[in-house]
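The next block holds one structure in the form of structure tokens; read it before the comments.
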Amino acid sequence: MNFIVAALGVLGVASSGPLIAGTLGATSVTALAIAFWRNAIAAVVMASPVLIREPRQFRKITRSEFMWSSVAAVALAFHFACFITALQLTSVAAATALVCLQSAWIAVFQLFRGTRHRWPVLVGLGIALGGVAAITGFDMGSSPKAFLGDVLALAGGALAGLYTLAGGKARQSMRTGTYTTLCYGICAAIVAILAFAGGQPLVGFDAGGWVGIVAITVCAQLVGHTAFNHLLATMSPLLVSMIILLEIPGAALLAAIFLHEKLPAGTYAGLALILGGLAVVVAGQRRGKGEAVRGDGQIAELGTD
Numbered sequence: 001m002n003f004i005v006a007a008l009g010v011l012g013v014a015s016s017g018p019l020i021a022g023t024l025g026a027t028s029v030t031a032l033a034i035a036f037w038r039n040a041i042a043a044v045v046m047a048s049p050v051l052i053r054e055p056r057q058f059r060k061i062t063r064s065e066f067m068w069s070s071v072a073a074v075a076l077a078f079h080f081a082c083f084i085t086a087l088q089l090t091s092v093a094a095a096t097a098l099v100c101l102q103s104a105w106i107a108v109f110q111l112f113r114g115t116r117h118r119w120p121v122l123v124g125l126g127i128a129l130g131g132v133a134a135i136t137g138f139d140m141g142s143s144p145k146a147f148l149g150d151v152l153a154l155a156g157g158a159l160a161g162l163y164t165l166a167g168g169k170a171r172q173s174m175r176t177g178t179y180t181t182l183c184y185g186i187c188a189a190i191v192a193i194l195a196f197a198g199g200q201p202l203v204g205f206d207a208g209g210w211v212g213i214v215a216i217t218v219c220a221q222l223v224g225h226t227a228f229n230h231l232l233a234t235m236s237p238l239l240v241s242m243i244i245l246l247e248i249p250g251a252a253l254l255a256a257i258f259l260h261e262k263l264p265a266g267t268y269a270g271l272a273l274i275l276g277g278l279a280v281v282v283a284g285q286r287r288g289k290g291e292a293v294r295g296d297g298q299i300a301e302l303g304t305d
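The letter at position 61 of the sequence shown is residue 61 when you use the UniProt record's numbering, and the numbering goes up by one with no holes.
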């Protein structure tokens, strides 16, 4: 059963990039509209069970919980803005790989906060950085537009790391349904403001556009992320983290099949380096829970700082 759930999770998150790129390329839907509706719909879906079973949870939210949820929501909003825009400028494979550097960014942020990581984590960061250099180097030489997309995807990965760290703070005392409802709801509101300021409409799309928005929300947001949340209750976080990394080759394969995306050999080499480097980072961080120590003596754990 876990294999089926894992396969659905990988397929869900891997479909995000190709679905977004396909929707943006074939319809009048805007980048921020996708980000808005993806979060707004997910917020409603996540809020419904809480409102039915435990409506008092929302009245119990503390000032600290609201602050960290808001920080996570801001990071998530700009993450989506960067990633979805990047998909309009560079390849799906490159954008997905670069934004998946979230785990590496978290390790870097922890380094700046005084965390002493084990050597495999540092080696993994170096390998992943080599992959970044390969991808961005090829894109810089072939197209300034693609290079800009790479930079936005990298920024999206860093923002996803901030989102994870802030969310980890909020989740120390908040339940999943309450946190995701608050975070996704605030994120949707921020994206709506960005869309209004940038003149990007959130409604008025053709039927194909709405089908794309619903498909992105269901596949990536609800099926993909829900599957991995379920697996965390039955499998080790290390194994789940490794499975999630399959999003990188999965997105590249789906883009090649459905969008006929062809990449230079150097880009494929960069994808492989990023995938391998992230695997080393995740494995090294998880295995080093007893050895990777912050400057204040506390144990560091990737993604739950």
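All C-beta atoms, glycine included, are put in the ideal place defined by N, C-alpha and C. Remember, it's a predicted structure, so these values are computed and weren't measured experimentally.
- Contiguous alpha helix (DSSP H) elements confined to the UniProt domain "EamA" (148 to 282) occur at 176 to 198, 207 to 216, 225 to 231, 237 to 244, 247 to 258, taking only those with 4 or more residues.
- Here R59 carries a helix assignment [DSSP, helix/strand/coil].
- Collapsing the DSSP output to three states places R116 in a strand.
- In this structure, DSSP gives T85 a helical state, which the three-state scheme calls helix.
- In this structure, the CA atom of V240 is about 35 Å from the CA atom of I193.
- Secondary structure of S15 (DSSP, three-state): coil.
- Boundaries of the alpha helix (DSSP H) around L51: 31 to 53.
- Linking G25 to Q88 through their CA atoms gives a straight-line distance of about 8 Å.
- Annotation: T115 to A158 spans about 18 Å, alpha carbon to alpha carbon.
- L122 carries a helical assignment under DSSP once its states are collapsed to helix, strand and coil.
- By a beta-carbon distance limit of 8 Å, G266 contacts A134. Their separation comes to about 6 Å.
- Under the three-state reduction of DSSP, T136 is assigned to helix.
- Contact holds between the stretch 177 to 190 and the stretch 56 to 65, because three or more Cβ pairs, one in each stretch, are under 8 Å apart.
- The stretch 144 to 164 and the stretch 99 to 107 touch, with three or more beta-carbon pairs separated by less than 8 Å.
- Between G212 and A43 the beta-carbon gap is near 19 Å, outside 8 Å, which marks them as no contact.
- Straight-line spacing of the CA atoms in F147 and T90 works out to 7 Å.
- In this structure, DSSP gives L111 a helical state, which the three-state scheme calls helix.
- When L19, G124, R118, V5 are compared, the shortest CA-CA separation from T96 is found for L19.
- Rounded to whole angstroms, the separation of the alpha carbons of A77 and P201 is 16 Å.
- Inter-residue distance for G131 and I274 is about 5 Å (C-alpha atoms, whole angstroms).
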